[in-house]
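Residue numbers (the numbering used here): 148 to 917. Beta carbons are placed, not taken as given, at the ideal position from N, Cα and C, and that holds for glycine.
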């Protein structure tokens, strides 16, 4: 009944909207609303990339007609309404936000469009094409149809470099080995422009400092053929200045590690020379031997624009400099014949050496805890005069579980101290092995405490030694060959002890307090390219613990008297973005994670287990309320989100994001996911009967099997986001579509209608979910 009523109301709303937003009555006499254009392209013969040619022609058609939604034009409608004598506040506001000026047939210039089409077709080799247009109109609306007839295009028969004795021609010939111009391809003016830019880029890497792509000329000759073929010749312009066609060599390099943009270069005689490079500084600010490896060009080498760019990137990535400026200056070239020389100045303006930053924070976590916090950070840049950065951070926070379901009402006091030392090189390796960016060694030590009311106190110590580096613009690596985590559980309450006694599976995950191993993360991120409308993101990590300790541990499988964990854990997070219009995007995400305990462990440590549900997961379900499988800890009268974890997690998300007004954004989303168990639980005969029954039920309902799709928690929702310069406050309202812990025949619901008071869940978080 509810579903039928819902559909009826939706249908009525659509009909009323279509009627009320009709704009025909507002169109002036003598005008027709332009509704768009069609293109009909007829090719004389089959050619390559016909679809691409047609798509390119469509981009020429202008102007764009007024936008439509479900057959109506709300932007145009509210524009007309706002022109009335008394439009009202709502109509004026909507016109300001979504209103559109009308586009009439009289605003279209078909003759201009046809000329642009013919010009574009000539540039693509379709010479002597024919274009006509016709208007299809009614009393109030009009469309234009363009009919194009494309003859056989001109194709390349021969490509030749016209050269003489100048040495530069030998370099151009080498560059042409990678040319994109191929025999048999049709004439393409844009490809020739691209080829000139590519050759110029190659020459700039071979010393030709003063070369320019405009110095290259392409000439096409069709006189030798009568069947639409042509020869292509490449040559240099006549009478070019000598300095444009000779290579340059770097004869000296001067580095100013403590340069101020407010003053001239230092003229102090305190100069240190390392591998022919002059380091000029009044007092030693940066050790020359430490900086020299980051400079990728040297004395007596030919000028190379690429190594200069990479050097600038590497010096900026040290994290010690505000400005990096590399200047190349010409020596007198009037007396040289075949080569010339440059001298390079590298001007480095440092950041403030020491800084202290205090932050008041609003903390939200994936377990639903939120509250105020304070953080104090001390930074010391260039600590040992080799680009090292020391960072010490202390934090303190009070948190309460606002939307935690099973843990609602809990509060906690948390604090910690963390020290990071970042060294801009791979200790003990040489940075020359990494051309793109500066690799970094990171050494971290930290301690944290967490006092959770009614439950326990958790103290932890962690230490890592590892490396981070960017292989290129999109690829990032993080490798921690040493990762140690020690957790001490104390001050447990009777309530929490009862939870552990009931569930030996959970208890063993807390018993293994010592975790030592290594982890690796690989990330490929195309989001850094803001011009890419279809970027994807993938991050995968591997975490292995206990292997080395197993070699040195005794028969009791302990180290320093502590039982250590052994497991292997991996996950992958894949996201694909489709962007269009003004800040609109469709984001899809798939996540999978699997952890396998072995050897010393029968389960993953609690801090390494997977959980599902909450503002960064399946938002229609409370935090940690899903799984494993169809299990729910509330069925036997107890309530503990600690029970609802697993060693396998699968999730999928789909979200449409759109702008509403200024900093306010909107979203419509669908989430699905759950966690499961993949290994058996050892149930001892000595355990109490209640404990055995609990674990038997947990294993029966939580084990991953062929019906996993029926055990997914699925939800739909709407979201509002306040996005101010990448700081995002997120408010999501979600409702379940499939509830896995209900009986199998009762799991499907109608979102926002079925389920009573538990049907809508509000999530507050900071940042986008993915």
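Residue i: first and last residue of the uninterrupted beta strand (DSSP E) it sits in
i, result
"residue 744", "731 to 744"
"residue 664", "661 to 672"
"residue 308", "302 to 308"
"residue 688", "683 to 692"
"residue 473", "468 to 477"
"residue 492", "487 to 497"
"residue 806", "795 to 808"
"residue 119", "Nothing can be reported for residue 119: it is not among the residues displayed for the chain, which extend from 148 to 917."
"residue 286", "From DSSP, residue 286 is part of no beta strand (DSSP E); its letter is neither H nor E."
"residue 378", "376 to 383"
"residue 722", "714 to 727"
"residue 821", "811 to 823"
"residue 885", "874 to 885"
"residue 564", "558 to 570"
"residue 589", "587 to 599"
Start and end residues, alpha helix (DSSP H) containing residue i
i, result
"residue 864", "Per DSSP, residue 864 belongs to no alpha helix (DSSP H); it is in the beta strand (DSSP E), 860 to 871."
"residue 197", "197 to 205"
"residue 918", "Summary: the structure shown does not reach residue 918, with the chain confined to residues 148 through 917, and so no result is reported for it."
"residue 215", "From DSSP, residue 215 is part of no alpha helix (DSSP H); its letter is neither H nor E."
"residue 363", "No alpha helix (DSSP H) contains residue 363, which is instead part of the beta strand (DSSP E) from 363 to 368."
"residue 328", "Looking at the DSSP string, residue 328 is not in any alpha helix (DSSP H), and its letter there is neither H nor E."
"residue 644", "641 to 649"
Beta-carbon proximity of residue i to residue j, cut-off 8 Å
i, j, result
"residue 967", "residue 260", "Missing from the structure shown is residue 967; the chain here goes from 148 to 917 and no further."
"residue 228", "residue 238", "yes"
"residue 887", "residue 894", "yes"
"residue 850", "residue 824", "yes"
"residue 203", "residue 267", "yes"
"residue 427", "residue 395", "no"
"residue 748", "residue 714", "yes"
"residue 302", "residue 276", "no"
"residue 500", "residue 527", "yes"
"residue 756", "residue 794", "yes"
"residue 859", "residue 768", "no"
"residue 844", "residue 819", "no"
"residue 456", "residue 441", "no"
"residue 300", "residue 194", "yes"
"residue 665", "residue 691", "yes"
Helix, strand or coil at residue i [DSSP, three-state]
i, result
"residue 178", "coil"
"residue 344", "helix"
"residue 277", "strand"
"residue 620", "coil"
"residue 258", "helix"
"residue 246", "coil"
"residue 297", "strand"
"residue 317", "helix"
"residue 333", "strand"
"residue 903", "helix"
"residue 908", "strand"
"residue 229", "helix"
"residue 749", "coil"
"residue 526", "strand"
"residue 695", "helix"
Beta-carbon separation (whole angstroms), residue i vs residue j, contact threshold 8 Å
i, j, result
"residue 883", "residue 898", "7 Å"
"residue 405", "residue 497", "6 Å"
"residue 181", "residue 252", "5 Å"
"residue 752", "residue 662", "6 Å"
"residue 758", "residue 792", "5 Å"
"residue 586", "residue 614", "6 Å"
"residue 808", "residue 244", "6 Å"
"residue 465", "residue 571", "5 Å"
CB contact below 8 Å: residue i versus chain D
i, result
"residue 742", "Considering every chain present, this structure includes no chain D. It has just one protein chain."
- Message: Counting beta carbon pairs with one atom in the region 349 to 357 and one in the region 432 to 451, are three or more of them shorter than 8 Å?
- Response: By the Cβ rule, the region 432 to 451 counts as touching the region 349 to 357, because three or more pairs are nearer than 8 Å.
- Spell out a yes or no on whether the region 376 to 390 and the region 302 to 318 are touching, meaning 3 or more CB-CB pairs, one atom from each, closer than 8 Å. The region 376 to 390 is in contact with the region 302 to 318.
- Query: How about the region 717 to 731 and the region 637 to 644: do they share at least three Cβ pairs that are nearer than 8 Å?
  - Reply: These segments do not touch.
- Message: Within 8 Å, do at least three Cβ pairs link the region 217 to 227 to the region 324 to 334?
- Response: Segment contact: the region 324 to 334 against the region 217 to 227, fewer than three CB-CB distances shorter than 8 Å; contact not assigned.
- the region 866 to 881 contacting the region 804 to 815, beta-carbon criterion three pairs below 8 Å: Verdict: yes, contact present.
- Message: Does the structure place the region 614 to 628 close enough to the region 669 to 682 that three or more beta carbon pairs sit under 8 Å?
- Response: Inter-segment contact for the region 669 to 682 and the region 614 to 628 is present: three or more beta-carbon pairs are separated by less than 8 Å.
- Evaluate contact between the region 675 to 689 and the region 703 to 721, counting only Cβ atoms and requiring at least three cross-stretch pairs below 8 Å. The answer is yes - the region 703 to 721 touches the region 675 to 689, with three or more Cβ pairs under 8 Å.
- Query: Can you find at least 3 beta carbon pairs, one from the region 362 to 373 and one from the region 287 to 300, that sit closer than 8 Å?
  - Reply: By the C-beta criterion, the region 362 to 373 is judged not to be in contact with the region 287 to 300, since fewer than 3 inter-stretch pairs fall below 8 Å.
- Determine, using beta-carbon pairs with one atom in the region 609 to 616 and one in the region 461 to 471, whether at least three such pairs fall under 8 Å. Pairwise C-beta distances place the region 609 to 616 out of contact with the region 461 to 471, as fewer than three of them are shorter than 8 Å.
- Query: Hey, is the region 557 to 571 in contact with the region 586 to 598, meaning 3+ C-beta pairs nearer than 8 Å?
  - Reply: The region 557 to 571 and the region 586 to 598 touch, with no fewer than 3 CB-CB distances between them shorter than 8 Å.
- Message: Using 8 Å as the cut-off, can you tell me whether the region 383 to 394 makes contact with the region 429 to 436, which would need three or more C-beta pairs spanning the two stretches below that distance?
- Response: By the criterion of at least three beta-carbon pairs nearer than 8 Å, the region 383 to 394 is not in contact with the region 429 to 436.
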